[in-house]
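A.B. asks:
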Amino acid sequence: MNNRPLTAKINDKGHLEIGGCDTTELAKQFGTPLYVLDELTVRHNCRQYVSTLKSKYPDSLVIYASKALCNTAILKMIADEGLGADVSSGGELFTAKKAGIGPEKIYFHGNNKSRKEIEEGIAYGVKFVVDNFRELKNLDEISSSMDKQVEILFRVNPGIEAHTHEFIQTGKIDSKFGLQKSEVASAVKIAKDSKRLDFIGLHAHIGSQILDIDPYLIEVDILFSLAEGAKELNLGGGWGISYLGEEVPPVPELLEKVIGKVKAKKNFAPRLVFEPGRSIVGQAGITLYTVSYVKDIPGIRKYAMVDGGMSDNPRPILYDARYDAVVANRNEAPKITYRVAGRFCESGDVLIKEIKLPEIKEDDLLAVFATGAYNYSMSSNYNRVPRPAMVMVGNGKAVSIIKRETYENLVEEDLCP
Ligand SMILES: Cc1ncc(COP(=O)(O)O)c(C=O)c1O
Numbered sequence: 001m002n003n004r005p006l007t008a009k010i011n012d013k014g015h016l017e018i019g020g021c022d023t024t025e026l027a028k029q030f031g032t033p034l035y036v037l038d039e040l041t042v043r044h045n046c047r048q049y050v051s052t053l054k055s056k057y058p059d060s061l062v063i064y065a066s067k068a069l070c071n072t073a074i075l076k077m078i079a080d081e082g083l084g085a086d087v088s089s090g091g092e093l094f095t096a097k098k099a100g101i102g103p104e105k106i107y108f109h110g111n112n113k114s115r116k117e118i119e120e121g122i123a124y125g126v127k128f129v130v131d132n133f134r135e136l137k138n139l140d141e142i143s144s145s146m147d148k149q150v151e152i153l154f155r156v157n158p159g160i161e162a163h164t165h166e167f168i169q170t171g172k173i174d175s176k177f178g179l180q181k182s183e184v185a186s187a188v189k190i191a192k193d194s195k196r197l198d199f200i201g202l203h204a205h206i207g208s209q210i211l212d213i214d215p216y217l218i219e220v221d222i223l224f225s226l227a228e229g230a231k232e233l234n235l236g237g238g239w240g241i242s243y244l245g246e247e248v249p250p251v252p253e254l255l256e257k258v259i260g261k262v263k264a265k266k267n268f269a270p271r272l273v274f275e276p277g278r279s280i281v282g283q284a285g286i287t288l289y290t291v292s293y294v295k296d297i298p299g300i301r302k303y304a305m306v307d308g309g310m311s312d313n314p315r316p317i318l319y320d321a322r323y324d325a326v327v328a329n330r331n332e333a334p335k336i337t338y339r340v341a342g343r344f345c346e347s348g349d350v351l352i353k354e355i356k357l358p359e360i361k362e363d364d365l366l367a368v369f370a371t372g373a374y375n376y377s378m379s380s381n382y383n384r385v386p387r388p389a390m391v392m393v394g395n396g397k398a399v400s401i402i403k404r405e406t407y408e409n410l411v412e413e414d415l416c417p
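Following the UniProt record's numbering, the numbering of the sequence shown begins with 1 at its first residue and continues without gaps.
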């Protein structure tokens with residue numbers, strides 16, 4: 001299935017294997033819940049973007065939207081594949097620096113960057129994607145006081161409704177993000193009048209989990225109409241992945257169509273930037289849970305209770321996101337419908353509303369697929385439950401890239417005056 005890591009298979013013991021590692025062994029060694037990330041899938045996804053662009057539109061850059069999953073090891077791997085990073089906070093910037101990503105490949109996003117974050121970005125020399133006039137003013141003042149030049153793009157709201165869940169769209173006119181199209185010209189004028197700011201282009205991000213190429217082609221038209229002569233156009237991220245086995249046009253097809261549209265414009269040929277997040281890491285991740293027991297409410301439903309839930313994966317409770325799963329320790333045909341519920345004190349803490357699985361026994365291992373993006377990065381300590389560990393798997397080896405939190409970590413910042 002296309003919602004699983006590329007290395008996923010059932011081994012001779014009938015266990016799910018990822019990156020050559022038996023998931024039951026991973027659960028024994030590292031405990032559950034456990035995030036597992038398949039190195040090969042992440043690298044493959046990076047290469048799809050980088051190699052298509054290299055051959056079809058060399059004046060381009062892919063920057064990984066680190067909000068999808070941010071950790072030093074992952075950013076190092078992404079840098080190793082030639083990608084830069086989109087950061088939207090001082091913390092993401094700090095991680096990107098620590099991973100060795102050069103400032104020329106970092107773009108600083110966000111609709112409310114603090115003065116401190118702006119100073120940190122300028123000091124490192126990154127590019128800024130300016131969201132509003134207040135930020136423009138702050139940038140001008142701070143760059144002057146630091147005596148530094150700053151390259152900027154403007155985030156513009158192109159007003160495209162991409163086909164996706166309403167709560168996770170950011171590209172609509174009624175959005176907190178970006179300038180209105182009508183504001184672009186005056187923002188560009190302010191930037192051009194500034195001694196410290198170098199206007200290089202425009203950025204737009206039209207939504208999330210988009211499975212349709214057309215909105216990107218409209219986005220190209222709009223950005224071209226607004227950015228006559230700009231050096232650079234950043235088309236954002238948003239390309240979708242398969243969660244339940246749905247068909248997703250391959251990334252090269254998306255890029256080739258977008259590039260075709262850009263090349264057909266004869267007035268100017270900007271550098272192109274793409275900033276995918278989910279489509280780099282989403283499919284590469286699975287989460288392993290132990291099912292502690294099954295609650296059977298006769299005539300109503302069967303609940304399979306797992307040892308994680310909304311704190312390690314808040315997407316179902318936030319967006320009604322849907323996931324697919326298998327029993328990882330036994331290869332049997334699905335026959336019973338379960339609701340997979342988490343362990344947190346919210347009735348809505350349900351990971352999967354309905355799924356057919358083999359008959360669940362106590363202590364079975366459940367693998368939930370396509371959890372690589374916006375799971376760990378949106379996780380919390382709700383109910384003071386420590387966050388799970390994350391391991392990267394490849395060639396039969398598993399290395400820990402995020403330690404499991406401890407109770408001590410939970411109270412570390414507590415003060416008792
Ligand atoms: C500005 C911007 N760029 C890129 C992304 C990455 O989007 P995705 O992970 O859907 O590719 C986001 C996600 O919200 C975003 O806001």
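C-beta atoms are modelled at their ideal positions from N, C-alpha and C, and glycine is treated no differently.
Since the structure is predicted, the reported quantities are computational estimates derived from the model, not experimental observations.
1. Taking E135 as part of the alpha helix (DSSP H), name the residues at either end of that continuous run.
2. Am I right that V156 and K181 are in contact with their C-beta atoms under 8 Å? What's the rounded C-beta distance?
3. If we count Cβ pairs, one from each stretch, closer than 8 Å, do we get three or more for the stretch 310-319 versus the stretch 343-353?
4. Using three-state DSSP, classify G14 as helix, strand or coil.
5. Please state whether DSSP places V248 in a helix, a strand or coil.
6. Skipping 5 residues on each side, what residues in its chain have a beta carbon closer than 6 Å to that of Q169?
7. Just to check, is the beta-carbon of P276 closer than 8 Å to a non-hydrogen atom of ligand 1?
8. From the DSSP output, in three-state form, read off A8 for me.
9. Measure the beta-carbon distance from D131 to L197 and round it to whole angstroms, keeping in mind my assumption that it falls under 8 Å.
10. Span of the beta strand (DSSP E) holding G91?
11. For chain B, is any of its Cβ atoms less than 9 Å away from the one on K263?
12. I want to check one thing, is the minimum distance from the CB of S175 to the heavy atoms of ligand 1 below 8 Å?
13. Decide yes or no for the touch test of the stretch 400-410 against the stretch 372-387: beta carbon pairs closer than 8 Å, at least 3 of them.
14. Using 8 Å as the cut-off, can you tell me whether the stretch 44-57 makes contact with the stretch 239-254, which would need three or more C-beta pairs spanning the two stretches below that distance?
15. When you compare each of R134, K116, L69 to M378 by their alpha carbons, which one comes out closest?
16. What's the call for H165, buried or exposed, on a 16-neighbour Cβ count within 10 Å?
17. Looking at C-alpha atoms only, which residue of L6, N2, M1 is the closest neighbour of G394?
18. Do you know offhand how far G201's Cα is from E413's?
19. Do you know how far the Cα of S292 is from the Cα of T32?
20. N267 and L153 look like a contact to me (Cβ under 8 Å); what is the Cβ gap, rounded to whole Å?
21. Please confirm whether any heavy atom of ligand 1 lies closer than 8 Å to the CB of Y374.
22. Can you tell me whether S143 is buried or exposed, with buried defined as 16 or more other CB within 10 angstroms of its CB?
23. Quick check on I300: does DSSP put it in helix, strand or coil?
24. Would the beta-carbon of S60 be found less than 8 Å away from any heavy atom of ligand 1?
25. Whose C-alpha, out of Y289, F133, I317, is nearest the C-alpha of residue 419?
26. Compute the Euclidean distance between the alpha carbons of D174 and A328, then round it to the nearest angstrom.
27. Cα separation between V134 and Y303?
28. Taking the alpha carbon of L93 as the point to measure from, which residue in H203, I118, V258 has its own alpha carbon closest?
29. Is the Cβ-Cβ distance between I101 and P158 less than 9 Å?
30. Could you pull out every residue in the same chain whose Cβ sits closer than 7 Å to the Cβ of I286, ignoring the five residues on either side in sequence?
31. If I measure Cβ to Cβ from E81 and keep anything under 7 Å in the same chain, skipping five residues before and after, which residues do I get?
C.D. replies: By the coordinates alone:
1. As a working note, residue 135 is residue 135 in the sequence shown. That run of the alpha helix (DSSP H) goes 133-146.
2. Residue mapping note: residue 156 aligns to position 156 of the sequence shown, counting from 1. Residue mapping note: residue 181 aligns to position 181 of the sequence shown, counting from 1. Between K181 and V156 the Cβ distance is about 6 Å, and since that is below 8 Å, they are a contact.
3. yes
4. Here residue 14 refers to the residue found at position 14 when the sequence shown is read from its first residue. Coil, per DSSP.
5. Here residue 248 refers to the residue found at position 248 when the sequence shown is read from its first residue. It is coil, neither helix nor strand.
6. Looking up residue 169 in the sequence shown gives position 169. Model confidence at Q169 stands at a pLDDT of 40, short of 50, so the residue's coordinates are unreliable; what they give is reported in the following sentence. Cβ neighbours of Q169 beyond the five flanking positions: G207.
7. Along the sequence shown, read from residue 1 onward, the residue named residue 276 stands at position 276. It does: the Cβ of P276 is within 8 Å (strictly closer) of some heavy atom of ligand 1.
8. For the purposes of this step, residue 8 is identified with residue 8 of the sequence shown, where counting begins at 1. A8 falls in the coil class under three-state DSSP.
9. Here residue 131 corresponds to residue number 131 of the sequence shown, with the count starting at 1. Here residue 197 corresponds to residue number 197 of the sequence shown, with the count starting at 1. Contact flag wrong, Cβ pair sits at about 14 Å.
10. Residue mapping note: residue 91 aligns to position 91 of the sequence shown, counting from 1. Counting along the chain, G91 falls outside any beta strand (DSSP E), though it belongs to the alpha helix (DSSP H) covering 90-98.
11. Checking the listed chains, one finds no chain B in this structure; it contains a single protein chain.
12. Your numbering for residue 175 matches position 175 in the sequence shown. Because no heavy atom of ligand 1 lies under 8 Å away, the Cβ of S175 does not count as near it: no.
13. yes
14. yes
15. Along the sequence shown, read from residue 1 onward, the residue named residue 378 stands at position 378. The residue with the shortest Cα to Cα distance from M378 is L69.
16. Counting from 1 along the sequence shown, the entry for residue 165 is found at position 165. Low per-residue confidence applies at H165: pLDDT is 40, beneath 50, and the placement is therefore not dependable, though the value from the model is reported in the following sentence. Classification of H165: exposed, given that the 10 Å Cβ count is below 16.
17. Reading the sequence shown from its first residue, position 394 is the one you call residue 394. That would be L6, whose Cα lies nearest to the Cα of G394.
18. Counting from one through the sequence shown, the residue named residue 201 turns up at place 201. Counting from one through the sequence shown, the residue named residue 413 turns up at place 413. About 42 Å.
19. Mapped onto the sequence shown, residue 32 falls at position 32. Mapped onto the sequence shown, residue 292 falls at position 292. Rounded to whole angstroms, T32 to S292 spans 11 Å at the Cα level.
20. What you label residue 267 is simply residue 267 of the sequence shown in a count that begins at 1. What you label residue 153 is simply residue 153 of the sequence shown in a count that begins at 1. With a Cβ gap of about 19 Å, N267 and L153 do not count as contacting.
21. Counting from one through the sequence shown, the residue named residue 374 turns up at place 374. For ligand 1, at least one heavy atom lies less than 8 Å from the Cβ of Y374.
22. By one-based count along the sequence shown, residue 143 stands at place 143. The residue in question, S143, is buried, as its Cβ has 16 or more Cβ neighbours within 10 Å.
23. Residue mapping note: residue 300 aligns to position 300 of the sequence shown, counting from 1. In the structure shown, I300 sits in coil (DSSP, three-state: anything other than H, G, I, E or B).
24. Residue numbering aside, residue 60 sits at position 60 when the sequence shown is read from its first letter. S60 Cβ: outside cutoff for every heavy atom of ligand 1.
25. The requested residue 419 is not part of the displayed model; the chain covers only 1 to 417.
26. Mapped onto the sequence shown, residue 174 falls at position 174. Mapped onto the sequence shown, residue 328 falls at position 328. Rounded to whole angstroms, D174 to A328 spans 43 Å at the Cα level.
27. Taking the sequence shown and counting its residues from 1, the one referred to as residue 134 is at position 134. Taking the sequence shown and counting its residues from 1, the one referred to as residue 303 is at position 303. The sequence shown places Arg at residue 134, rather than the Val named in the question. Approximately 50 Å, taken between the alpha carbons.
28. For the purposes of this step, residue 93 is taken as residue 93 along the sequence shown, with counting starting at 1. Selected option, being the one with the closest Cα: I118.
29. For the purposes of this step, residue 101 is identified with residue 101 of the sequence shown, where counting begins at 1. For the purposes of this step, residue 158 is identified with residue 158 of the sequence shown, where counting begins at 1. No.
30. Here residue 286 refers to the residue found at position 286 when the sequence shown is read from its first residue. Only P5, I18, V36, A367, V368, F369, T371 meet the Cβ criterion.
31. Looking up residue 81 in the sequence shown gives position 81. Only R43, C46, R47, V50 meet the Cβ criterion.
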